[in-house]
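Chemist: Please read through the structure below; I'll follow up with questions.
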Amino acid sequence: MINKNLILIAFSTLISCKNGNEVSDFVVQKNQDSYQYYNSLFEKNPDCITFSFDYPVGKSNAKGYYNAQKFGKNNHLGDDWNGIGDRNTDLGDAVYTIGNGYVSFARDMKGGWGNVIRIIHQYKGKYYESVYAHCDTILVKEGDFVKKGTLIATIGTANGIYLAHLHLEIRDNIFMDIGSGYAKDKSGYLDPTEFIKNN
Ligand SMILES: [Zn+2]
-3 MINKNLILIA
7 FSTLISCKNG
17 NEVSDFVVQK
27 NQDSYQYYNS
37 LFEKNPDCIT
47 FSFDYPVGKS
57 NAKGYYNAQK
67 FGKNNHLGDD
77 WNGIGDRNTD
87 LGDAVYTIGN
97 GYVSFARDMK
107 GGWGNVIRII
117 HQYKGKYYES
127 VYAHCDTILV
137 KEGDFVKKGT
147 LIATIGTANG
157 IYLAHLHLEI
167 RDNIFMDIGS
177 GYAKDKSGYL
187 DPTEFIKNN
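Note that the sequence shown covers residues -3 to 195 in this note's numbering.
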């Protein structure tokens, strides 16, 4: 016997597995307030819709940096960008936005996160979020609109917890909590290097 609920679950899983959050009636209905908020923000600031993405270091192709802990390694939910000089040679280096967008969060979260900047991107009718963590300084504020390649922060150590590096996440679910940076379940998270390469 086929259970109606199972079909319903299968259908909603199919929808949620789509790459990115479509700015469709279906999604707007589901998360009315938030999507409406971002839709109207980007409608008023169409210059900040993005058409491509770049790397966040070594403007704009990560020259002088390497990915020390790739997405998926040790259940890592992002990339760790490190200067090729290792240790703290990259402390204070520039961090750039990967695309045009809206700064939804820019604060010191303390603990293992340190200074975190979160940016919402509207791209090809879908929403994505980029997260920049462990920063030494924050150079933008919440509510700012930024262009791709804008200097937004400097590379840090999360208040001395790590050797300096940039933890970068890219998400296709823009309504998730900051999370833990590591998890087996990667739903809502994209491989940042793959995403930047392909977009
Ligand atoms: Zn990391």
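Yeah, the Cβ is synthetic: ideal placement off N, Cα and C, and Gly gets one too.
I'd like the span of the beta strand (DSSP E) that includes Ile148, first residue to last.
Modeler: Unbroken beta strand (DSSP E) run through Ile148: 147 to 150.
Chemist: Express the C-alpha separation of Lys40 and Asp202 in angstroms, rounding to a whole number.
Modeler: No answer is possible for residue 202: the residues shown for the chain start at -3 and end at 195.
Chemist: Report yes or no: do the stretch 109 to 124 and the stretch 167 to 187 share at least 3 C-beta pairs separated by less than 8 Å?
Modeler: Contact holds: three or more Cβ-Cβ distances are below 8 Å.
Chemist: Report yes if the C-beta of Gly177 is less than 7 Å from at least one heavy atom of ligand 1; otherwise report no.
Modeler: Answer for Gly177: yes, Cβ within range of ligand 1.
Chemist: Do you know how far the Cα of Ser36 is from the Cα of Gly177?
Modeler: Near 30 Å, if we compare the C-alpha coordinates of Ser36 and Gly177.
Chemist: Taking the continuous alpha helix (DSSP H) assigned at Asn194, which residues delimit it?
Modeler: Note, Asn194: alpha helix (DSSP H), 188 to 194.
Chemist: Roughly how many angstroms separate the alpha carbons of Lys106 and Ile134, rounded to a whole number?
Modeler: Between Lys106 and Ile134, the C-alpha separation is close to 13 Å.
Chemist: With a threshold of 7 Å, establish whether the CB of Asp187 neighbours any heavy atom of ligand 1.
Modeler: No - ligand 1 has no heavy atom lying nearer than 7 Å to the Cβ of Asp187.
Chemist: On a CA-only basis, which of Tyr61, Phe47, Tyr128 is nearest Thr93? Give me that one, please.
Modeler: Here the closest residue by C-alpha is Tyr128.
Chemist: How should Ile5 be labelled, buried or exposed, when 16 other C-beta atoms within 10 angstroms of its C-beta is the threshold for buried?
Modeler: With a pLDDT of only 38 at Ile5, under the threshold of 50, the placement of this residue in the model should not be trusted; the figure read from the coordinates follows. Counting Cβ neighbours within 10 Å, Ile5 comes out exposed, since fewer than 16 surround it.
Chemist: For Gly108, which residues from the same chain have a beta carbon less than 8 Å from its beta carbon, with the 5 sequence-adjacent residues on both sides left out?
Modeler: Only Ala154, Ile157, Gly177 meet the Cβ criterion.
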